[in-house]
């Protein structure tokens, strides 16, 4: 049932119905927690982070992404970690944390490359917008330095960077 609700949440999100997507996601998460679907929990929390970010509720998005990243640490999934890092980078970029957003974008891109799983076309434009925003906000040497640092981070180090204050 929790996976069906999660699927409905994803469809609602794609249709732009953020309120319905959030309600389905929260119910899916509640059920996943109740039956111990440990793998699904951080994925659902990440989706809730994406939904909060869409509503410009950056405090909730940040909390959700950080919670999911702490859980992804135990699963060692480059693909899901990358998706969470991308959402978190967009959130902190919107809050003006350009250096960290640049590092996390670079780390996510590197994780996707290592996993041979490119960013889905539907998500590419938003990711490129975050990168473009950080390029404008930082001077060129700072952007290059942060991007290069991000590309050298392991999955664990990228999570540590995201969870650092």
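Numbering (our numbering), first residue to last: 707 to 871. Even for Gly, the Cβ is constructed at its ideal location relative to N, Cα and C. Computed from a prediction, not measured in an experiment: that's the story for all the values here.
{"Check": "Which residue's Cα is closest to the Cα of residue 737: 757, 709 and 722?", "Outcome": "709"}
{"Check": "If you follow the alpha helix (DSSP H) that residue 869 is in, where does it begin and where does it stop?", "Outcome": "861-869"}
{"Check": "Quick check on this structure: which residue in 819, 760, 715 and 759 has the alpha carbon closest to the alpha carbon of residue 729?", "Outcome": "715"}
{"Check": "State buried or exposed for residue 818, treating a residue as buried only when at least 16 other CB atoms are found within 10 Å of its CB.", "Outcome": "buried"}
{"Check": "Among 721, 742 and 749, which has the Cα closest to the Cα of residue 731?", "Outcome": "749"}
{"Check": "Pop quiz: residue 777 and residue 741 are said to be a contact at Cβ under 8 Å. What is the actual Cβ separation, rounded to whole angstroms?", "Outcome": "Actually they are not in contact, since the Cβ atoms of residue 777 and residue 741 sit about 16 Å apart, beyond 8 Å."}
{"Check": "Quick check: what's the CA-CA separation for residue 849 versus residue 866?", "Outcome": "20 Å"}
{"Check": "Would you call the segment 834-846 and the segment 770-787 in contact, with 3 or more CB pairs under 8 Å?", "Outcome": "no"}
{"Check": "From the DSSP output, in three-state form, read off residue 834 for me.", "Outcome": "helix"}
{"Check": "Under DSSP, the alpha helix (DSSP H) around residue 735 begins and ends at which residues?", "Outcome": "724-741"}
{"Check": "Grab me the residues of residue 758's own chain with a C-beta within less than 7 Å of its C-beta, minus the 5 sequence neighbours each way, in chain order.", "Outcome": "766, 767 and 770"}
{"Check": "Where does the unbroken alpha helix (DSSP H) through residue 784 begin, and where does it stop?", "Outcome": "784-800"}
{"Check": "For residue 753, does the three-state DSSP call read helix, strand or coil?", "Outcome": "helix"}
{"Check": "For residue 807 and residue 733, I'd like the C-alpha separation in whole angstroms.", "Outcome": "30 Å"}
{"Check": "Pick helix, strand or coil for residue 763, following the three-state DSSP scheme.", "Outcome": "coil"}
{"Check": "When burial is assigned at 16 or more other CB atoms within 10 Å of the CB, is residue 725 buried or exposed?", "Outcome": "exposed"}
{"Check": "Counting along the chain, where does the alpha helix (DSSP H) carrying residue 720 start and finish?", "Outcome": "708-720"}
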